[in-house]
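Some notes on the structure that comes next.
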């Protein structure tokens, strides 16, 4: 199995920076530039862009790992995990949150008003720091669910919900995709006095 790393990035309001990114993308051919402004509130656009790219250009791909920049990956462990997962079943795996309440604090980073998402709790979902989509054509199944079962394409407010809760929670649940916590994803490690940051370890399969 050969893994390929692709960096997904939105566009900057700084035209000079955009030109630098384009030059780097041409040089290394590992950057996917998406047609939206790079911003925390636009993370769902990035998740959608990933699914569209995989569905269009990687149809024969068994596993897709989404990882934030503040995480590290044991690539060999990840490849072992992908090989061990069944080919004929769609599974999302990662560090799973159960019955997480929707933030109603207007001053909070993750505030979602009831008119955008009325439920008190999110469906169980894998944290967006890192999660794995497994099974051939899982991206197509998730895109179909996104189109048919959410207001993603009609509501700008809805597109600002948490990216992980949307794709590995709401979309996954409506698509009836299995969610599995294998225990190899770890969060919030403090090292050498540095502020808390997020790491991903596949140490169970190393």
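Residue numbers (the numbering used here): 2 to 207.
Glycine residues also receive a C-beta, built at the ideal position from the N, C-alpha and C atoms.
Quick caveat, the model's predicted, so the values are computed rather than measured.
- Query: With 16 other CB atoms within 10 Å as the buried threshold, where does residue 66 fall?
  - Reply: Under this definition residue 66 is a buried residue.
- Pick helix, strand or coil for residue 23, following the three-state DSSP scheme. helix
- Message: Among 154, 102, 35, 141, whose alpha-carbon lies nearest the alpha-carbon of residue 61?
- Response: The option with the nearest alpha carbon to residue 61 is 141.
- Message: For the beta strand (DSSP E) containing residue 132, name the first residue and the last one.
- Response: 126-135
- Message: So, for residue 174: in the same chain, excluding its five sequence neighbours on each side, which residues have a beta-carbon less than 6 Å away from its beta-carbon?
- Response: 124
- Query: When DSSP labels each residue in this structure, what does residue 109 get in the three-state scheme?
  - Reply: It is coil, neither helix nor strand.
- Item | Alpha-carbon spacing of residue 112 relative to residue 130, whole angstroms | 19 Å
- Item | Completely contained beta strand (DSSP E) runs for the region 63-87, where each covers 3 or more residues | Counting only runs of 3+ residues, the beta strand (DSSP E) found wholly inside the region 63-87 occupies 64-68, in chain order.
- Would you list the residues sitting across from residue 8 in a DSSP beta bridge? For residue 8, which the question treats as bridged, DSSP gives the partners 32.
- Task: Can you say whether residue 18 is buried or exposed, counting buried as having 16 or more other CB atoms within 10 angstroms of its CB?
- Result: exposed
- Out of 104, 94, 58, point me to the one whose CA is closest to residue 68's CA. 94
- Taking the alpha-carbon positions, what's the residue 116 to residue 157 distance? 12 Å
- Query: Between 74, 20, 121, which lies nearest to residue 106 when the distance is taken from Cα to Cα?
  - Reply: 121
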